[in-house]
Amino acid sequence: MLRSFRASLPLILVIMTAGSDGQQDWGVNYSSSSVCALKGSTVKISCTVKYPHDHQLRSVYWTKHAVTDGETPDLCSDPDKTGRVQCVRADKDTSSITLTAVTEADKHIYYCRFTTDAEGGKWTGIPGVQLDVTDLQVETQQTVVEGDSVTLSCKSSCSLPEETTFIWYRNTKTINKGIRTKNQLHLWSVSYYDAGDYQCAVGGNEHLISPAVYVKVQWVDGLLDWRVKYSPSSVCALKGSTVKISCTSTYSVYGYQLIQSVSTKPAVTGEEPPDLCTDPDKRGGIQCVREDKDTFSITLTAVTEADKHIYYCRITDTRFRWTGIPGAHLDVTGLQVETKQCVKEGDSVTLSCKSSCSLPEETTFIWYRNTERLTGETLNNQLHLQSVSRSDAGEYRCAARGKAGERLNSPSVYLSVEYPPRNVSVFINGSAVIVSGDSVTLSCSSDSNPPAVNFTWFKENQSSAVGSGQSFSALDSGRYYCEAENKYGSQRSESVSVTEGVQRSALLTLTGVVAGCGGLIFIIIFIIVFIWKKKKRDGGAEDTRQNQNPIGRSAETASANDSAVYSLVSANQSEDLYTNITSVKAKRSSRAEAGDVEDLQYASVHHFKNKDTKTEEHQKMEMQRPSDANRCEDVIYSSVK
């Protein structure tokens, strides 16, 4: 396996510490906080996760996104990285990710994320491990006078570990002469034989060798005094911003004439390096300008990580070419919000807007929560929240504005504000009336973060709990309440009443009786209607005979049967006239004699109202009118059966 380079001190990060309940901490320990790796090398990063012993670990994976809500891409299962990324679980709690043949595209912050069986038990270890990818560059004077001394440096864009060893080559052969100190090679009193192409490599990765730089040793009639000043010599630029680098040459040449200055990368000899200003692939993204006869500038727009490099001014004369060392270093960075993922309500928290390199001092920062702008432009890259509440929870991001006015917002990071249960309430599923032999189901709900994990049920006037769990089945009547608890505290609900209802067997019996009585009543009504219709049909003929002589027959029948209802109904005071009301007993037909029909009594009532005309018969009837005490006023009768 190829070696990679890591910071010597491991990073120990605790995401969330235990509260007063004594639970274990949640956290992630990384094998190192940052890694500086050579292009083409292999990098291995490890993490160990921590979680309470009463929970079970479900998964551990690696991601490039520091989010706390929702799912993040799993680098181990990314099809685009198949063959280059390998993830291994060394043991239950330790995981590692290995990246082979790394490139600048792999430069990122890598996070270890794990999930457990706890409610909301998803955790990301922040701030993660910063992976920087670099190559090696030889920096030195390219022309030296014989007899002078020269120092060559093996440079990288990130800091390699202190224990790193360097190997030097001249014309592809290992150099044994000279003095070595860290990443430098010192050659004293150089001669013509010291001229050549110099390269460097790192022990253990000898095949990852730097580009060659030619050192020329010469005798000259006149003294060459070349110098190049870069402004700025180091640039930390935000992704998408515009960068301008200038170089000014100072020279004292005897018999030489300066022709041009260009920006190029890298600084190599043996062949003419590419001129960035005339590169067709860079057209529109690069602009080169000669500001005066000694100053030359290059401007890069919408920079990306691919533009991260060392840029050199190259001076060309009619008889030689020379590159200004050490060049200007361009680093390109994004922004990352770093903070605790979880904070308890009432506590304070600080959010930092971080970059992988040091932004210029004039850079200003702006903070947002969700879509709301929280601050104006400030030189401070930190946001301090005092005594946080639930309203402070949300997606936080920062933005930075450079000198030229550009702004690349950071990815958002969710800040979770945790608090004990509140608004605890009990819901009754269905009816609150309990029937003997049955139960009523009660459910407990609460507003808390993290969600309540313990629910306890109590009955008023009882000292001990009667049940546990978010749902509870009450078997007898009474007043019940629940208590919800998470690691920050607990709260009880208001009581609800469960009353005792009619026993199911009695209720079923009563229902049967009512149904039976209803059926019986229906049958009785049906029989009565049937008999009534039948009697009405059989008595029709008899009514016809009686009506042929209603008055005479009525009198005889009334005398014979002694069943008269009234012998006479008087007229009222308005001189209404009434006929006799007599009782008539129908004669039995043959079917009646057989018992088919009951005896019926009939009466006929004839009403006349005529003040002007009175027949003789009517006058006789008035003489037989009952006394005033017994008469009915304004009554009209029809046939009575």
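Sequential numbering of the sequence shown, starting at -12, is according to our numbering. C-beta: ideal position from N, C-alpha, C; glycine also. This one's a predicted model, so the numbers in the text were calculated from it and none came from an experiment.
Beta-carbon spacing of residue i, residue j below 8 Å
| i | j | result |
| --- | --- | --- |
| V120 | K94 | yes |
| D23 | C145 | The sequence shown places Cys at residue 23, rather than the Asp named in the question. Result yes, Cβ atoms of C23 and C145 sit closer than 8 Å. |
| K331 | E405 | yes |
| R384 | P398 | yes |
| L44 | T103 | yes |
| A380 | S403 | yes |
| A461 | S426 | yes |
| V137 | T127 | yes |
| Q129 | V189 | no |
| V324 | L338 | yes |
| T362 | T351 | no |
| S335 | D281 | no |
| C344 | F283 | no |
| F28 | S18 | A quick correction: the sequence has Ser, not Phe, at residue 28. Taking 8 Å as the Cβ cut-off, S28 and S18 do not qualify as a contacting pair. |
| T486 | S458 | no |
| I196 | Q186 | yes |
| E106 | P437 | yes |
| F101 | S20 | no |
| S83 | V72 | no |
| D80 | T50 | no |
Status (buried if at least 16 other CB within 10 Å, exposed otherwise) for residue i
| i | result |
| --- | --- |
| Q449 | exposed |
| D135 | exposed |
| G314 | buried |
| C504 | exposed |
| W155 | buried |
| D181 | buried |
| H371 | exposed |
| I166 | exposed |
| E472 | buried |
| K341 | buried |
| G424 | exposed |
| S176 | exposed |
| W519 | exposed |
| H194 | exposed |
| V276 | exposed |
| F414 | exposed |
| L322 | buried |
| K474 | buried |
| S435 | buried |
Cβ-Cβ separation, residue j to residue i (assumed contact under 8 Å), whole Å
| i | j | result |
| --- | --- | --- |
| K31 | T90 | Not a contact, Cβ separation roughly 16 Å. |
| I312 | Y298 | Not confirmed; about 12 Å, so no contact. |
| V375 | Q478 | The Cβ separation is near 20 Å, so there is no contact. |
| C99 | V15 | 5 Å |
| T288 | T229 | 5 Å |
| S430 | R409 | Actually they do not touch by this definition, with Cβ atoms about 17 Å apart. |
| Y38 | W13 | 6 Å |
| T636 | V215 | Since the first residue of the chain shown is -12 and the last is 628, residue 636 is not available in this structure. |
Where residue i falls: helix, strand or coil (DSSP)
| i | result |
| --- | --- |
| C504 | helix |
| T159 | coil |
| V222 | strand |
| A590 | For A590, the predicted structure reports a pLDDT of 44, less than 50, and the residue's modelled location is therefore unreliable. A value from the coordinates is still provided. Three-state result, A590: strand. |
| P408 | strand |
| C329 | strand |
| C344 | coil |
| I196 | coil |
| V516 | helix |
| I312 | coil |
| A293 | helix |
| S46 | strand |
| E447 | coil |
| T486 | strand |
| Y185 | strand |
| L370 | strand |
| A419 | coil |
| S576 | Reliability fails at S576, whose pLDDT of 40 lies under 50, so the model's placement of it is uncertain and no value is given. |
| K68 | helix |
| T362 | coil |
| Y383 | strand |
| G6 | The predicted position of G6 is uncertain, since its pLDDT is 34 and thus under 50; no value can be drawn from it. |
| Y179 | helix |
Any chain D beta carbon closer than 8 Å to residue i
| i | result |
| --- | --- |
| T282 | The structure shown contains no chain D; it is built from a single protein chain. |
Proximity test, residue i beta-carbon vs the ligand GTP heavy atom, cut-off 7 Å
| i | result |
| --- | --- |
| I196 | The ligand GTP is absent from the structure shown, which contains no ligands of any kind. |
For the stretch 463 to 483 against the stretch 433 to 446, are there 3 or more C-beta pairs whose distance is under 8 Å?
yes
With contact counted as at least three CB pairs below 8 Å, one residue from each stretch, are the stretch 60 to 78 and the stretch 111 to 118 in contact?
no
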